[in-house]
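Numbering (my numbering), first residue to last: 2 to 366. Every residue, glycine too, gets a C-beta built ideally from N, C-alpha and C. Encoded as structure tokens, the structure appears first; notes follow it.
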């Protein structure tokens, strides 16, 4: 019998050599691909891509596999043997791939957290709006010029507080009473804050002109009684005031109101409010009826220290009006609303009462 070659019965060993070779080639390719993806994810360039040649990737030639019958068996390699990197790294790293190249190669983009943040442009605050407040400057204690010639008074100080609350830059300009509304219409100012009354049936006001709008009242103007501090309090009823002498300014709405409300009282008329106040101080009248705000200021002064306000305030709008308001041009509703909101805030936080107490002996809101 013819003897068979020694390798005839070991065909599996003979075929294992080329299969193991292909396995190692695949392992090397996987390791290289994983390393490339890791570098791209970290934002680092691939070492084998030269700048200017990043678009083309050279393919490594694959050695032809010899026929099974002619390839000798190769010894097994240890599993722990390190696989050498067949690609020599370039001396200088190339630039990172562009977004277009990464999309063409279907590679993941770098994490946005690793990208440099674009510098933010500084945000500059808008400058405050500038407006001009018109006032008279000749109606103390509401608006007048102080010893230095600067505009002062309750109207002016309250206007400054309103502008600060709205964050407006406000300047003041004085005009005569009969020029306030025309100056507003002609654009010489943006608002009138000069104790201008809200129009009512009994009290005319320049603010009743067409094309103007008004804020909420910023102070009220009721009538009030004053009496000497040592006098016996009198009830403010027609029966209790019958036959009592009441000092009033001749021709004023206060004279008209007392005549209507207390017909049995004895009216003592005087040509001016100052004369009526002097009559009460000297005991020539039991009571004085006048504007509450004027009486508050007078009773807080040395001249009016003899007297005090008594009884309730009389706010009948048919006689005493609805109070004073800020006057603006029609079309400035936004500014009007800002003034209203700021006024409510000043009343709520006590700023209004503090300002009022500086000119009167209480709040005139």
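- Listed in chain order, the beta strand (DSSP E) elements of length 3 or more contained wholly in the stretch 249-281 are 267-271.
- Between the beta-carbon of residue 325 and that of residue 196 there is about 5 Å, and that keeps the pair under the 8 Å contact cut.
- At a Cβ-Cβ threshold of 8 Å, residue 248 and residue 271 count as neighbours.
- In this structure, residue 227 sits near residue 300, with a CB-CB distance shorter than 8 Å.
- In the DSSP assignment, residue 167 falls outside any beta strand (DSSP E) and within the unbroken alpha helix (DSSP H) covering 155-167.
- Between the C-alpha atoms of residue 120 and residue 175 there is a straight-line separation of about 49 Å.
- In this structure, residue 278 sits away from residue 312, with a CB-CB distance that is not shorter than 8 Å.
- Between residue 252 and residue 315, the C-beta spacing is not below 8 Å.
- Three or more Cβ pairs closer than 8 Å define a contact, and the stretch 177-197 meets that threshold against the stretch 326-334.
- Every beta strand (DSSP E) stretch that sits fully inside the stretch 169-219 and reaches 3 residues is listed by chain position as 170-175.
- With fewer than 16 other Cβ atoms inside 10 Å of its own Cβ, residue 241 counts as exposed.
- Just so you know, the alpha carbons of residue 232 and residue 239 end up roughly 18 Å apart.
- Under DSSP, residue 292 shares a beta bridge with 224.
- Contact annotation: the stretch 209-216 does not touch the stretch 357-365, with fewer than three C-beta pairs closer than 8 Å.
- The distance from the Cβ of residue 136 to that of residue 156 is about 6 Å, consistent with a contact at the 8 Å cut-off.
- Apart from the 5 residues on each side of it in sequence, residue 133 sits with its Cβ closer than 6 Å to the Cβ of 172, 174, 190, 191 in its chain, given in chain order.
- A Cβ-Cβ distance of about 13 Å is found for the pair residue 365 and residue 158, leaving them out of contact under the 8 Å criterion.
- Residue pairing from DSSP places residue 315 in a beta bridge opposite 224.
- By DSSP's assignment, residue 308 forms a beta bridge with 229.
- With a 10 Å radius around the Cβ and a threshold of 16 neighbouring Cβ atoms, residue 27 comes out exposed.
- Residue pairing by DSSP puts residue 140 in a beta bridge opposite 144.
- Distance from the CA atom of residue 161 to the CA atom of residue 292, rounded to whole angstroms, is 25 Å.
- Here the alpha carbons of residue 181 and residue 334 stand approximately 19 Å from one another.
- One thing to note: residue 320 has its Cβ no nearer than 8 Å to the Cβ of residue 266.
- One alpha carbon belongs to residue 129, the other to residue 169, and they sit about 5 Å apart.
- The Cβ-Cβ distance between residue 150 and residue 144 does not fall below 8 Å.
- A direct Cα-to-Cα measurement between residue 285 and residue 205 gives close to 33 Å.
- Here residue 141 has 154 as same chain residues with Cβ atoms under 7 Å from its own Cβ, once five neighbours each way along the sequence are excluded.
- Rounded to whole angstroms, residue 199 and residue 245 show a C-alpha spacing of 33 Å.
- Around the beta-carbon of residue 25, fewer than 16 other beta-carbon atoms lie within 10 Å, marking it exposed.
- Taking all protein chains shown into account, residue 351 has fewer than 16 neighbouring C-beta atoms within 10 Å of its C-beta and is therefore exposed.
- As a beta-bridge residue in DSSP terms, residue 328 pairs with 193, 215.
- Residue 281 is a Cβ neighbour of residue 289, given a cutoff of 8 Å.
- Counting the other CB atoms within 10 Å of its CB gives residue 207 a total of 16 or more, which places it among the buried residues.
- The Cβ neighbour count for residue 124, taken over all protein chains shown within 10 Å, is under 16; the residue is labelled exposed.
- Scanning its chain for C-beta atoms nearer than 6 Å, with the 5 sequence neighbours on each side dropped, one finds no residue around residue 342.
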